[in-house]
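Positions -12 to 473 (my numbering) are the ones given, in order, by the first sequence.
Accompanying notes for the structure given below.
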Amino acid sequence: MNDSTAKTPRDPIVVWLRDDLRLDDNPALAAAADTGRPVVPLYVLDETSDGIRALGGAHQWWLHHSLDAFACGLRRKGSRLTLRRGAAKREILEIIAAVGATALYFNRRYDPAGRAADDMIAEALGEAFDVRRFTANILHEPEQVQTTTGGYYKVYTPFWKKLSATEPRDPIDAPAGFEQPDDFPKSDDLADWALLPTKPDWSGGIANAWAPGERAALERLETFCDDDLAGYDSARDNPSADRTSGLSPHLRWGEISPYRIWHTAQTYASRRKSIPDDAIRTFKKELVWRDFNAHLLHHGENLATTNINKRFDAFPWRHSQADLRAWQRGLSGYPIVDAGMRQLWQTGWMHNRVRMIVGSFLTKDLLIDWRDGERWFWDTLVDGDAASNPAQWQWVAGSGADAQPFFRVFNPVTQSEKFDPDGTYIRRFVPELAKLPDKAIHAPWSATAETLAKAGIKLGETYPKPIVDHKAARERALAAYGEVKG
DNA sequence: TTTTGAGTTGTTCGA
DNA sequence: GTCGAACAACTCAAA
């Protein structure tokens, strides 16, 4: 025990929450509670500090409900969440002074701007101040994972091979309760932050699809392990059957811990013979992909704006607002693409298989800069993640470090036939095509006039004609890629 | 230092 | 319908 805590054992600890809005397996919160000292949980909505990326619309909706749920959880444990809006440094220094705190605990984050902000605050508090950082939101710290030459991994497979044998630590249970300070600091009213859309309120579809908050996240994990883990290896690729874990937004906001997910899945797998090795391995690999992306974010300069492969700085992107808009609205004329984009718009989420298809369509068929797609996803996804979103876009575009761009121009019709063979997914999100027979639904422009008439479709009126011809677009994309190769 | 093997998720063509 | 090879060629990571 150091001198300051010996003299003032009742001094409060401020726990600064960020994307870790949970009680379960929250190391910073648990460590603070364990001291027996008063705990002041704090969330700062910082929209002004350098390099901090503004939240998208869907993000804001989720954050509102997530904060609400987290505040409820804290109240049940006898604590209270303090909300502040403003530059993190100013708000934190003020709160620390107001409550007489002598310690600041938080869980690490990995974006360069966030890390810089954390360092600046620690520096402002001075050497003597007790600042503690914890590992909470990824399974392996960037410093722990190095190639044999001391660099960081740019290819996933060796990264996975290195880590697959390492068992992540056990999750930490939620604190039983918290000591209270004499006075909690003054908190903003969440409603005053106006994070929920009002004019118009577009959140209905998202609210139907999702339940933010820790409790819902843990329930979803159990349901997934019960119902879908066993078939995960193959079934996750089918967009119409909802067989993915659905945990991505909960992970994005830290409502659930990857350690909890890893161990719960592992426990199910070791108890149930019906869960094949392939299933649990594939699921764990997806979790480790989050780490890989977080490490890319940690080591890179700005993942969302900078090509990992510098050669792509010279890529001849097309600038077409009209095409970008058609893609965003789900009016490309390619049913699987439009279904995906409309699922995103309506529910704040898109199945991963379809993310690849729409991503390939934007960057290859339309030759539009991946950053435009990344920004749209950032604004509309509830799970839009600072690491995974740009990393996935760079992979699709071919600017990712390990991509083999010349091989990967997705054929939207082939993909549709393969992964949505009976058109269930398309019919759900593109209802104007619902009456087309299975065979015609993937490429309505190839259908006979009679088939279209029977289904009540007038191409160019009730549903768009394709905005590009895929075959020609593919040739164009390959030519463009040819320009930036060595 | 040099060499070797491999790279999340694909497509097309021809047998 | 199914299968394997070719696509075109670079970078990474480990030996």
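Think of the CB as a built atom: it goes at the ideal place given N, C-alpha and C, for glycine as much as any other residue.
Just so you know, these numbers come straight off a predicted model, no measurement behind them.
Rounded straight-line distance, which links the Cα of Asn296 to that of Asp117: Here residue 117 is taken as the residue at index 130 of the first sequence, counted from 1. Here residue 296 is taken as the residue at index 309 of the first sequence, counted from 1. Each residue's alpha carbon lies about 40 Å from the other.
Extent of the continuous beta strand (DSSP E) to which Asn94 belongs: The residue given as residue 94 occupies position 107 in the first sequence. Counted as a single uninterrupted DSSP element, the beta strand (DSSP E) harbouring Asn94 occupies residues 90 to 94.
Identity of the residues DSSP links to Leu70 by a beta bridge: For this step, residue 70 is matched to residue 83 along the first sequence. Its beta-bridge partners are Tyr30.
Inside the stretch 324 to 407 only - alpha helix (DSSP H) runs reaching at least 4 residues: Here the runs fully enclosed are 339 to 347, 357 to 367, 375 to 384, 399 to 406.
Pro(-4) and Val27 closer than 8 Å at C-beta: Translated into the one-based positions of the first sequence, residue -4 becomes position 9. Translated into the one-based positions of the first sequence, residue 27 becomes position 40. Going by beta carbons, Pro(-4) and Val27 fall outside the 8 Å limit.
C-alpha distance - Ser(-9) paired with Ala88, whole-angstrom precision: For this step, residue -9 is matched to residue 4 along the first sequence. For this step, residue 88 is matched to residue 101 along the first sequence. Because the pLDDT of Ser(-9) is 49, which lies under 50, any placement of that residue in the model is unreliable, and the question is left without a value.
Rounded distance between the beta-carbons of Gln315 and Phe416, thought under 8 Å: On the first sequence, position 429 is the one that residue 416 refers to. On the first sequence, position 328 is the one that residue 315 refers to. Not confirmed; about 14 Å, so no contact.
Ser386: CB within 7 Å of a non-hydrogen atom of the ligand PLP: No copy of the ligand PLP occurs in the structure displayed, which carries no ligand at all.
Beta-carbon spacing of Gly65, Phe165 below 8 Å: Translated into positions along the first sequence, residue 65 becomes position 78. Translated into positions along the first sequence, residue 165 becomes position 178. Yes, the Cβ-Cβ distance between Gly65 and Phe165 is below 8 Å.
Counted within 10 angstroms of its Cβ, other Cβ atoms place His51 as buried (16 or more) or exposed: Looking up residue 51 in the first sequence gives position 64. With at least 16 other beta carbons inside 10 angstroms of its own, His51 counts as buried.
Any 3 or more C-beta pairs closer than 8 Å across the stretch 24 to 42 and the stretch 137 to 157: Taking 8 Å as the limit for Cβ pairs, the verdict is that the stretch 137 to 157 does not touch the stretch 24 to 42.
Same chain only: Cβ atoms within 8 Å of Ser307, ignoring 5 sequence neighbours per side: As a working mapping, residue 307 is identified with position 320 in the first sequence. Once the five neighbours on either side are set aside, the close Cβ partners of Ser307 are Leu353, Ile355.
CB contact flag (Pro245, Ala17, <8 Å): As a working note, residue 245 is residue 258 in the first sequence. As a working note, residue 17 is residue 30 in the first sequence. The answer is no: Cβ separation not under 8 Å.
Cutoff 6 Å; reference Gly385; Cβ partners in own chain excluding five residues on either side: Mapped onto the first sequence, residue 385 falls at position 398. When the five nearest sequence neighbours on each side are left out, the beta carbons in the same chain lying within less than 6 Å of the beta carbon of Gly385 are those of Pro392, in order along the chain.
Asp425 to Leu284 span [Cα, whole Å]: Taking the first residue of the first sequence as position 1, residue 425 is located at position 438. Taking the first residue of the first sequence as position 1, residue 284 is located at position 297. When rounded, the distance between both Cα atoms is 42 Å.
Exposed unless 16 or more other CB atoms sit within 10 angstroms - verdict on Gln131: By one-based count along the first sequence, residue 131 stands at place 144. The residue in question, Gln131, is exposed, as its Cβ has fewer than 16 Cβ neighbours within 10 Å.
Distance CB(Leu368)-CB(Gly335) smaller than 8 Å: Counted from its first residue, the first sequence places residue 368 at position 381. Counted from its first residue, the first sequence places residue 335 at position 348. In contact: Leu368 and Gly335 (Cβ atoms closer than 8 Å).
Alpha-carbon to alpha-carbon, Arg259 and Ala252: Start at 1 with the first residue of the first sequence, and residue 252 comes out as number 265. Start at 1 with the first residue of the first sequence, and residue 259 comes out as number 272. Going by the C-alpha atoms only, they are around 11 Å apart.
For Asp106, three-class secondary structure by DSSP: What you label residue 106 is simply residue 119 of the first sequence in a count that begins at 1. In the three-state scheme derived from DSSP, where H, G and I count as helix and E and B as strand, Asp106 is classed as helix.
Distance, Asp21 Cα to Glu154 Cα: By 1-based counting over the first sequence, the position of residue 154 is 167. By 1-based counting over the first sequence, the position of residue 21 is 34. So the alpha carbons of these two residues sit roughly 25 Å apart.
Whole-angstrom distance between Ala181 and Thr122, CA atom to CA atom: To locate residue 122, count along the first sequence from 1; it is residue 135. To locate residue 181, count along the first sequence from 1; it is residue 194. Straight-line Cα distance between these residues: approximately 31 Å.
Close Cβ partners of Ala74 (< 7 Å) along its chain, the five nearest in sequence each way excluded: What you label residue 74 is simply residue 87 of the first sequence in a count that begins at 1. Only Asp33, Thr35, Ser36 meet the Cβ criterion.
Buried or exposed by the 16-neighbour rule on C-beta atoms within 10 Å, applied to Thr135: Numbered from 1 along the first sequence, position 148 holds the residue referred to as residue 135. Using a 10 angstroms sphere on the CB of Thr135, the tally of other CB atoms stays under 16, which defines it as exposed.
Delimiting residues of the alpha helix (DSSP H) encompassing Leu55: Counting from one through the first sequence, the residue named residue 55 turns up at place 68. The sequence shown places Asp at residue 55, not Leu. That run of the alpha helix (DSSP H) goes 44 to 63.
Spatial distance of Leu4 from Gly410 (CA atoms): Numbered from its first residue, the first sequence carries residue 4 at position 17. Numbered from its first residue, the first sequence carries residue 410 at position 423. Answer to the nearest angstrom: the Cα atoms are 43 Å apart.
Best match in Ser227, Ala440, Thr438 for proximity to Lys482 [C-alpha to C-alpha]: No information on residue 482 is available, as it lies outside the stretch -12 to 473 that the chain covers here.
Classification of Glu361 by the beta-carbon crowding that lies within 10 angstroms, buried from 16 upward: Reading the first sequence from its first residue, position 374 is the one you call residue 361. By the Cβ neighbour-count rule, Glu361 is buried, with 16 or more other Cβ atoms within 10 Å of its own.
Start and end residues, beta strand (DSSP E) containing Ala121: Looking up residue 121 in the first sequence gives position 134. The sequence given here places Phe at residue 121; Ala does not occur at that position. Run containing Phe121: 117 to 121, per the beta strand (DSSP E) assignment.
Presumed contact (8 Å Cβ cut-off) between Arg102 and Asp224, rounded CB distance: Working through the first sequence from its first residue, we reach residue 102 at position 115. Working through the first sequence from its first residue, we reach residue 224 at position 237. Not really, about 35 Å apart at Cβ, beyond 8 Å.
Three-state secondary structure assigned by DSSP to Asp(-10): Along the first sequence, read from residue 1 onward, the residue named residue -10 stands at position 3. Bear in mind that the predicted position of Asp(-10) carries a pLDDT of just 48, short of 50, making it unreliable; the figure below should be weighed with that in mind. Three-state result, Asp(-10): helix.
Beta-carbon gap between Tyr219 and Thr269 smaller than 8 Å: Taking the first sequence and counting its residues from 1, the one referred to as residue 219 is at position 232. Taking the first sequence and counting its residues from 1, the one referred to as residue 269 is at position 282. Result yes, Cβ atoms of Tyr219 and Thr269 sit closer than 8 Å.
Start-to-end residues for the alpha helix (DSSP H) that takes in Ile248: Mapped onto the first sequence, residue 248 falls at position 261. Judged by DSSP secondary structure, Ile248 falls within the alpha helix (DSSP H) whose first and last residues are 245 to 258.
Residues near Leu112 by beta carbon distance below 7 Å, same chain, minus five either side: Start at 1 with the first residue of the first sequence, and residue 112 comes out as number 125. Correct list, in chain order: Leu91, Val118.
Beta-carbon proximity of Gly38 to Ala100, cut-off 8 Å: One-based indexing of the first sequence puts residue 38 at position 51. One-based indexing of the first sequence puts residue 100 at position 113. Note that the C-beta distance between Gly38 and Ala100 is below 8 Å.
Glu242 (DSSP reduced to helix, strand or coil): Looking up residue 242 in the first sequence gives position 255. In the structure shown, Glu242 falls within a coil segment according to DSSP collapsed to helix, strand and coil.
Sequence-distant residues of its chain with Cβ nearer than 6 Å to Asn(-11) (five each side left out): Residue numbering aside, residue -11 sits at position 2 when the first sequence is read from its first letter. Because the pLDDT of Asn(-11) is 49, which lies under 50, any placement of that residue in the model is unreliable, and the question is left without a value.
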